[in-house]
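A.B. asks: Sharing a structure, written as structure tokens. Questions coming.
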Amino acid sequence: MSARLHRRTVLGGVAAAAALGVTSATAARAATEERRRAVVIGTGFGGSITALRLARAGVDVLVLERGIRWPTGPNAETFPRMFSPDRRAAWLSPSTVLTGSPLKLWKPYTGVLDRVRGVGMDIFCGAGVGGGSLVYHGMTIQPGEANFARSMPAGLDYQAFDRDYYRRVAAVLKPAPIPDALMNSADYHAAKQFTTRVAQAGLEPFRVPLPLDWDFARREQTGELKRSYTTGDVLYGVNNGGKNTVDVTYLAAAEATGRVEVAVLHLVRDIERDRAGRWVVHVDRIDTDGKVVERRRIITDALFLGAGSAGTTRLLVKARAKDLIPDLPDAVGRKWGNNGDRIFSWTPLGDSPGALQGGPACVGVKDWDNPDPLLIVHGGVPFPVDVGTTSVIGFGIVEPRGVFRYDPVTDDAVLHWSQLYDAQVTSAIRARIRSIVGGSLVEELTSPTIDTSFFEPTTYHPLGGAVMGEVCDGFGRVRGQQGLYVTDGALIPGSTGACNPSMTIAALAEHNMDTVVREDVSVVF
Ligand code: FAE
């Protein structure tokens, strides 16, 4: 490592540590200070791609990740199960955070799934090395040109994304559809049932590309591996491996360069610009109980925010409210949306989807060519007993009207959302799902589809808060703040063209880093 390291002591406050859920008993300790050329916050899609592209350009990078590593492999027991969760299932929470998972109490742990509470909407996101890719199903879908243009920031050239950036991402993550042998097996009955209904409704079902080696699922069926894919138990992560999460793809490649240091259990509390225009990152090094064991103050010329839409936006809104970064754009914290994300339960009469429904979500329908473009997919659920129900999920394009506001009491920024903002896309999703699985009045009455998101508004697809063209330029550089970059889902105003977001977030990071590497390395940092 070529980084210059200075250590001296400074004092830090305690309020912010408490707000982030960490134990503040030791938070008043002296902080250590050091200097790095480039710092990336977060190891999800944006953060990992950024680290790789910087390292390949010869830049030494420190990556700060709040969570731990989750190594998997055949027959591993890395992640908890959905219906028997333990403290690994939640980020610094005293209880289960996932709706549907049985409520349990435990001592807080740096677990894999974070629920960021908001007003009118909670956000679920991954916490750990690999970010959202640890817990995501892996639906890896490129939007069509018209819907890309409708929802992505102006000025992005779809042809370039189609020709280059989406393909680069696919070459690394290797998405593949479920093979026939699995699809036609009893484990995937629920997925098959949905596919049949789509075809009966006159629509064209498709098999969703997932970044998996499906051979792992096949080996579960032969008894060689313990079941995880084939029971649909994937929402806290897939135990067997075979999933091309970003920790084992992009980030592993970045670390293999020898230029990237990943510091786990490093929770960034605040970001600041000092008088010399350098970036100061205030970090709590925590243990797995969330207790602060060291305070670090890291100074850098180039700071890349890849903490996800919720993480990055909260850091920026805090910095603006506390004047830690003067002259941040007014649009910071605005234009947030949930990608239209809506989960319905479906209880077909007379043909139960069964217990333990194979996953991850592997079939769907692209209903893109209409005024309310939608993607509808089937999501298997690992019910331990047959309750006759499965889930159907829809996405669309929403008005990004969500806003994060600073709360001085908790020293955090909080999302404000209303169900009115996605009412139109929700009613389009409801109508489309009913036309697929509940065509007649009798079916609607006997095979109910229930909008579970209505009762508890949550999303897996946070997007926006530091959007391109307003907070950032067309390559993720924060306007008026040399050396400060956004590199994750916060850049995108609310939707990714009626499909799941990860592939577009990754493609956008690839697009931005091409220019940042070419124009800013050795000039800005
Ligand atoms: P993300 O992957 O969330 O990474 C952010 C990283 O920053 C994480 O590693 C955090 O731990 C870390 N971090 C946050 N705050 C701090 C801090 N203060 N200090 C240090 N580190 C911090 O961001 N998308 C799809 O396309 N297909 C799917 O099938 C799909 N399924 C999903 C299922 C679930 C249950 C969930 C929760 C999400 C799913 N998503 C899916 C969404 C997808 O995971 C998400 O869009 C991306 O992961 C977002 O990528 P980012 O790089 O923006």
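Going by the numbering used here, the first residue of the sequence shown is number -6, and it counts up by one from there.
All C-beta atoms, glycine included, are put in the ideal place defined by N, C-alpha and C.
Here the structure is a predicted model, which is why all the values come from computation and not from measurement.
Whose CA, out of Pro67, Trp84, Pro95, Ile42, lies closest to the CA of Pro101?
C.D. replies: For the residues Pro67, Trp84, Pro95, Ile42, the minimum Cα distance to Pro101 belongs to Trp84.
A.B. asks: For the region 333 to 352 and the region 400 to 413, state whether three or more C-beta atom pairs, one from each stretch, are separated by less than 8 angstroms.
C.D. replies: With the cut-off at 8 angstroms, the region 333 to 352 and the region 400 to 413 do not touch.
A.B. asks: Which residues in the same chain have their Cβ closer than 8 angstroms to the Cβ of Arg161, if we skip the five residues on either side of it in sequence?
C.D. replies: Once the five neighbours on either side are set aside, the close Cβ partners of Arg161 are Ala500, Glu503.
A.B. asks: State yes or no: is the C-beta of Met496 within less than 8 angstroms of the C-beta of Arg46?
C.D. replies: No, they are not a contact pair.
A.B. asks: Suppose contacts are defined by Cβ-Cβ distances below 8 angstroms. Is Arg211 in contact with Leu175 by that definition?
C.D. replies: Yes, they are a contact pair.
A.B. asks: If you drop the 5 nearest sequence neighbours on each side, which residues of the same chain put their C-beta closer than 6 angstroms to that of Trp99?
C.D. replies: Answer for Trp99: Arg80, listed in chain order.
A.B. asks: Helix, strand or coil: how does DSSP classify Leu309 here?
C.D. replies: In this structure, Leu309 counts as helix in the three-state DSSP scheme.
A.B. asks: Look at Gly395 and Ile426 and say whether their C-beta atoms are less than 8 angstroms apart.
C.D. replies: Going by C-beta atoms, Gly395 is not nearer than 8 angstroms to Ile426.
A.B. asks: Which class does Cys399 belong to by DSSP, given the choice of helix, strand or coil?
C.D. replies: Per the sequence shown, residue 399 should be read as Tyr rather than Cys. Correct three-state label for Tyr399: strand.
A.B. asks: Less than 8 angstroms between the CB atoms is what I'm expecting for Val201 and Met132, so what's the real figure, rounded?
C.D. replies: Yes, they are in contact, since the Cβ atoms of Val201 and Met132 sit about 5 angstroms apart, within 8 angstroms.
A.B. asks: Using a 10 Å radius around the Cβ and a threshold of 16 neighbouring Cβ atoms, would you call Gln135 buried or exposed?
C.D. replies: When all chains shown are included, Gln135 counts as buried.
A.B. asks: May I ask whether a heavy atom of the ligand FAE can be found less than 7 angstroms away from the beta carbon of Ile494?
C.D. replies: Residue 494 is actually Pro in this sequence, not Ile. Pro494: yes, Cβ under 7 angstroms from the ligand FAE.
A.B. asks: Using 8 angstroms as the threshold, is the C-beta distance between Gly476 and Asp294 below it?
C.D. replies: Yes, these two residues count as a Cβ contact at 8 angstroms.
A.B. asks: Are three or more beta carbon pairs between the region 28 to 47 and the region 287 to 303 nearer than 8 angstroms?
C.D. replies: The answer is yes - the region 287 to 303 touches the region 28 to 47, with three or more Cβ pairs under 8 angstroms.
A.B. asks: Am I right that Glu287 and Val56 are in contact with their C-beta atoms under 8 angstroms? What's the rounded C-beta distance?
C.D. replies: Going by Cβ atoms, the distance from Glu287 to Val56 rounds to 17 angstroms, so no, they are not a contact pair.
A.B. asks: Quick check: is any heavy atom of the ligand FAE less than 7 angstroms from the C-beta of Cys118?
C.D. replies: Flag set: Cβ of Cys118 near the ligand FAE.
A.B. asks: If we ignore side chains and look at the alpha-carbon of each, how far apart do Val374 and Val54 end up?
C.D. replies: Using only the alpha carbons, I get a separation of about 40 angstroms.
A.B. asks: Grab me the residues of Thr419's own chain with a C-beta within less than 6 angstroms of its C-beta, minus the 5 sequence neighbours each way, in chain order.
C.D. replies: Closer than 6 angstroms at the Cβ level, and outside the excluded window around Thr419, lie Arg335.
A.B. asks: In angstroms with no decimal places, state the Cα-to-Cα distance between Ala18 and Leu258.
C.D. replies: Note that Ala18 scores 43 on pLDDT, short of 50, meaning its location in the model is unreliable and no value can be drawn from it.
A.B. asks: If we call anything under 8 angstroms between Cβ atoms a contact, is Asp240 one with Val122?
C.D. replies: The answer is yes: Cβ separation under 8 angstroms.
A.B. asks: Does the beta-carbon of Pro132, which I'm using as the reference point, lie nearer than 7 angstroms to any heavy atom of the ligand FAE?
C.D. replies: A small fix is needed here, since residue 132 is Met in this sequence, not Pro. Yes, the ligand FAE has a heavy atom inside 7 angstroms of this Cβ.
A.B. asks: Is Ile34 close to the ligand FAE? I mean its beta-carbon at under 7 angstroms from any heavy atom of the ligand.
C.D. replies: Yes, Cβ of Ile34 sits closer than 7 angstroms to a heavy atom of the ligand FAE.
A.B. asks: When we look at the beta-carbon of Pro198 and count the other beta-carbons within 10 Å, is it buried (16 or more) or exposed?
C.D. replies: That one is buried.
A.B. asks: When the distance is taken between beta carbons, is Val227 closer than 8 angstroms to Gly352?
C.D. replies: In this structure, Val227 lies closer than 8 angstroms to Gly352 by Cβ.
A.B. asks: Near Thr451, what residues of its chain come up, given a Cβ to Cβ distance below 8 angstroms and the 5 sequence neighbours on each side ignored?
C.D. replies: Excluding sequence neighbours, Thr451 sits near Thr92, Arg108, Met114, Asp115, Ile116, Phe117.
A.B. asks: Can you tell me whether Gly301 sits near the ligand FAE, meaning its C-beta is under 7 angstroms from at least one heavy atom of the ligand?
C.D. replies: True, at least one ligand heavy atom lies under 7 angstroms from that Cβ.
A.B. asks: Do Ala312 and the ligand FAE come close, with the Cβ less than 7 angstroms from some heavy atom?
C.D. replies: Flag unset: Cβ of Ala312 not near the ligand FAE.
A.B. asks: Could you check the C-alpha separation between Asn232 and Thr242 for me, to the nearest Å?
C.D. replies: Cα-Cα distance, rounded: 17 angstroms.
A.B. asks: Going by beta carbon distance, what residues of the same chain come within less than 8 angstroms of Leu96, once the five residues before and after it are set aside?
C.D. replies: Around Leu96: Ser88, Thr89.
A.B. asks: Just to confirm before moving on: does the CB-CB distance between Ala247 and Ala50 stay below 8 angstroms?
C.D. replies: Going by C-beta atoms, Ala247 is not nearer than 8 angstroms to Ala50.
A.B. asks: Would you report the Cα separation of Leu438 and Leu368, rounded to the nearest angstrom?
C.D. replies: C-alpha separation (whole angstroms): 24 angstroms.
A.B. asks: Where does Ala23 sit, in a helix, a strand or coil, going by DSSP?
C.D. replies: In the structure shown, Ala23 sits in coil (DSSP, three-state: anything other than H, G, I, E or B).
A.B. asks: For the beta strand (DSSP E) containing Asp294, name the first residue and the last one.
C.D. replies: It spans 285 to 298 - the beta strand (DSSP E) in which Asp294 sits, taken as one unbroken run.
A.B. asks: Classify Asn493 as buried or exposed, calling it buried when 16 or more other Cβ atoms lie within 10 Å of its own Cβ.
C.D. replies: So Asn493 ends up on the buried side.
A.B. asks: On the DSSP letters alone, give me the boundaries of the alpha helix (DSSP H) that Asp208 sits inside.
C.D. replies: Start and end: 208 to 214.
A.B. asks: Strictly under 8 angstroms for the Cβ-Cβ distance: is Asp316 near chain B by that measure?
C.D. replies: No chain B is present in this structure, which holds just one protein chain.
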